[in-house]
């Protein structure tokens, strides 16, 4: 089994705490409103939003995938980190597993 790692940095004038709140903590409601063509809905299937929570993300019309289900593996609000694993849908027909680790940090 091979591992593929991808790193991306996005410079922003928005502080790390505001960015983390918008994209991670409030993202389930904000992202479908801001990008309805990309993500139409995010629904919590199990849990309270913390570690172990299972969510279903439904993509917009024309997307390569209809939906993905993911499990939250880590959530640290003080250090702005968020980890999750795709457990159903998406590219799991190609990859054995897909995990993401997001770290939002301020460079100021």
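Residue numbers (UniProt numbering): 1 to 108.
Don't be surprised by glycine CBs; every beta carbon is placed ideally from N, CA and C.
Same chain, Cβ closer than 7 Å to residue 51, five either side skipped, listed in chain order: 72, 73, 74, 75
Burial state of residue 29 (16 or more Cβ within 10 Å): exposed
Neighbour-count burial assignment, residue 43, 16 or more Cβ in a 10 Å radius: exposed
DSSP beta-bridge partners of residue 65: None, per the DSSP bridge assignment.
Residue(s) in a DSSP beta bridge with residue 75: 82
DSSP three-state assignment for residue 56, whether helix, strand or coil: strand
Cut-off 8 Å between Cβ atoms - residues of its own chain near residue 93, not counting five sequence neighbours on either side: none
Inter-residue Cα distance where the pair is residue 69 and residue 39: 13 Å
DSSP beta-bridge partners of residue 100: 84
Counted within 10 angstroms of its Cβ, other Cβ atoms place residue 95 as buried (16 or more) or exposed: exposed
Bridge partners - residue 89, DSSP secondary structure assignment: 68
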